[in-house]
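Student: Quick note on the numbering used here: the sequence shown kicks off at 137 and runs consecutively.
Heads up, the beta-carbon is just placed ideally off N, CA and C, and yes, glycines get one too.
Okay, here's the structure, questions in a sec.
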Amino acid sequence: MNLSRYLTVLPVLIATTVFAAQSDLTADEMRTAEDTLRDLDSNISLQNRKALDEARELARFFQQVGAHYTAQSDAARGVDFARKSQAHAEAIATAVEAGDYDTAQDRLSDLTRSCKTCHEVYKTKK
């Protein structure tokens, strides 16, 4: 699996993503999450412990995303995507904390796929 392929597509997906009700999640927050994900990928590749802070930041972000979707009466899939993404980010943090960067890279691939799938469901068609 080629993570760089996903990271190439991710900015386009995030740039065109509009959540069902954006009052709680702004485009700036999504861009910040995108930047953090990109930095996380780099720091995992470099085996830099800074990845731990980034993974934790993303876990908190996905907790916020989950709360956003929980407040929506018709967004059960969004809640599920957010929970899975949060779990992936937490697994990355656990792996980095243990110094297991290979597992962290695998969980990063899972996280990226989860983001991409959610964006495919919740983006606005142009």
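Please identify the residue among Gln199, Gln241 and Glu190 whose C-alpha is closest to the C-alpha of Asp171.
Tutor: Of the listed residues, the one whose Cα sits closest to Asp171 is Glu190.
Student: So the alpha helix (DSSP H) Gln199 belongs to, where does it begin and stop?
Tutor: First-last of the alpha helix (DSSP H) with Gln199: Lys186 to Thr206.
Student: Should Ala157 be labelled buried (16 or more other beta-carbon atoms within 10 Å of its own) or exposed?
Tutor: At Ala157 the pLDDT is 38, less than 50, meaning the model places this residue with poor confidence and gives no usable figure here.
Student: In terms of alpha-carbon separation, which member of Asp238, Ala231 and Arg213 lies closest to Cys251?
Tutor: When each option's Cα is compared against that of Cys251, the closest is Arg213.
Student: Let me know the beta strand (DSSP E) ranges lying completely inside the stretch 229-258, each 3 residues or longer, listed in chain order.
Tutor: none
Student: What residues in its chain sit with their C-beta under 7 Å from that of Asp246, if we drop five residues either side in the sequence?
Tutor: His224
Student: Any chance the stretch 214-222 sits against the stretch 192-201, with 3 or more Cβ pairs inside 8 Å?
Tutor: yes
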